[in-house]
Ligand code: HEC
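In my numbering, the protein residues as written are 212 to 572.
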């Protein structure tokens, strides 16, 4: 699992020329942080973060999982130093909107520290698969709580993001850092990559609509895009506000494309046939950072990752009403939500190192 991260490191160094200029505040633990934390990415990546002690501990474990050579005996001093000098930034409070829908939220915490669960994939047998972005691929069986480890299949696994199968069994994925969209034919093993027309557009959430057309959102721009499966030609749809940064995508049975606008705190809907866009401000406000989302029939569910604690939000397009709930563990940034075959929703709780299942009642 070292290779994908080596790529990520290279991207950081190239993208951050000012990294030598950061001066860390004095205090116990400073030497350990300078020694361990400035080699792969700019130290600004550390100094611009703001976490609680618990979150810093998780962050250090994530860094160990991608190759940082931190000794076990160094961790406590680093956590204390980081939490003192780069404490959690103030976050807007969660806004709970009451309503008629009822849900139960169950959470599990995964055994490998700092694995950063990113993309959950519930399957028909009741198991919950997820990609541990910072460690490995794993499988959780909610019935028993048992977790199995699986190695990533190597050649296809170099920095894939959010893989999704289409109706012909082709696997489509976005490559955020490389600015690509790709397809993998599992039968032949053939992989095709197409560059996104917009530079640094950071292709992110991807889904296939009912007509088997892959759609994704560009987190580095204000665009939604689709691809012609035969010609691999990409079509981009610009969202009305240039400041939009759509991060995740959901598609309703009418083939409307929904997105969470992470930068502006909006929920949006694009009609690809007409190009028309509708937007609704998320209940938690402009800094609520709507992120992981899914469509449950016509109803949209998503999470606000910028409010504390994170919320689960429901939006019914028929009534145009929101409802929201607090995620008990705080959520720690719900990067992805997936609907299981049995109708439950699986959530990756990346910052608190867990996964959750949401059941409607
Ligand atoms: C072996 C390489 C490596 C080392 C050493 C390293 N990091 Fe990182 N770090 C990464 C990579 C890769 C990412 C990018 C993760 C992403 O956002 O995809 C990252 C991202 C981060 C982030 C942003 C996390 C987020 O959720 O977006 C923080 C904070 C951070 N590192 C802190 C540290 C600290 C503290 C140390 C010292 C213990 C450290 N890093 C050492 C590879 C490294």
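Glycine is no exception: its CB is placed at the ideal position from the N, C-alpha and C atoms. It should be emphasised that the depicted structure is a prediction, and the values quoted were computed from it without experimental measurement.
Here residue 393 carries a strand assignment [DSSP, helix/strand/coil]. Annotation: residue 319 to residue 485 spans about 42 Å, alpha carbon to alpha carbon. Within the same chain, and ignoring the five residues on either side of residue 404 in sequence, the residues whose Cβ sits closer than 6 Å to its Cβ are 391 and 393. A Cβ-Cβ separation of about 16 Å leaves residue 510 out of contact with residue 460 under the 8 Å criterion. DSSP, read as helix, strand or coil, puts residue 285 in helix. Cα atoms of residue 377 and residue 385: separation of roughly 14 Å, rounded to the nearest angstrom. With a cutoff of 7 Å, residue 293 counts as near the ligand HEC, since its C-beta is closer than that to a heavy atom of the ligand.
It is roughly 9 Å from the alpha-carbon of residue 416 to the alpha-carbon of residue 547. Residue 433 places its beta carbon less than 8 Å from that of residue 450.
A Cβ-Cβ distance of about 10 Å is found for the pair residue 560 and residue 316, leaving them out of contact under the 8 Å criterion. In this model, residue 530 and residue 284 are separated by some 56 Å (Cα to Cα). For residue 378, the CB stays at least 7 Å from every heavy atom of the ligand HEC. Of all C-beta pairs linking the stretch 255 to 263 to the stretch 296 to 313, three or more are shorter than 8 Å, placing the two stretches in contact. Within the stretch 426 to 503, complete beta strand (DSSP E) segments of at least 3 residues are found at 434 to 438, 445 to 449, 457 to 462, 468 to 472, 477 to 481 and 488 to 492, given in chain order. For residue 551 against residue 558, the beta-carbon gap comes to about 11 Å, at or over 8 Å, which does not count as contact. Distance from the Cα of residue 453 is smallest, within the candidate group 431, 445 and 464, for 431. Taking 8 Å as the cut-off, the beta carbon of residue 556 is found no closer than this to the beta carbon of residue 545. In the displayed model, residue 272 falls within a helix according to three-state DSSP. Taking 7 Å as the cut-off, one finds no heavy atom of the ligand HEC near enough to the beta carbon of residue 253. Within 7 Å of the C-beta of residue 256 there is at least one heavy atom belonging to the ligand HEC. Residue 474 places its beta carbon 8 Å or farther from that of residue 493.
Boundaries of the beta strand (DSSP E) harbouring residue 403: 402 to 406, taken from the DSSP string. Note: residue 513 is bridge-paired with 504 and 524 in the DSSP secondary-structure output.
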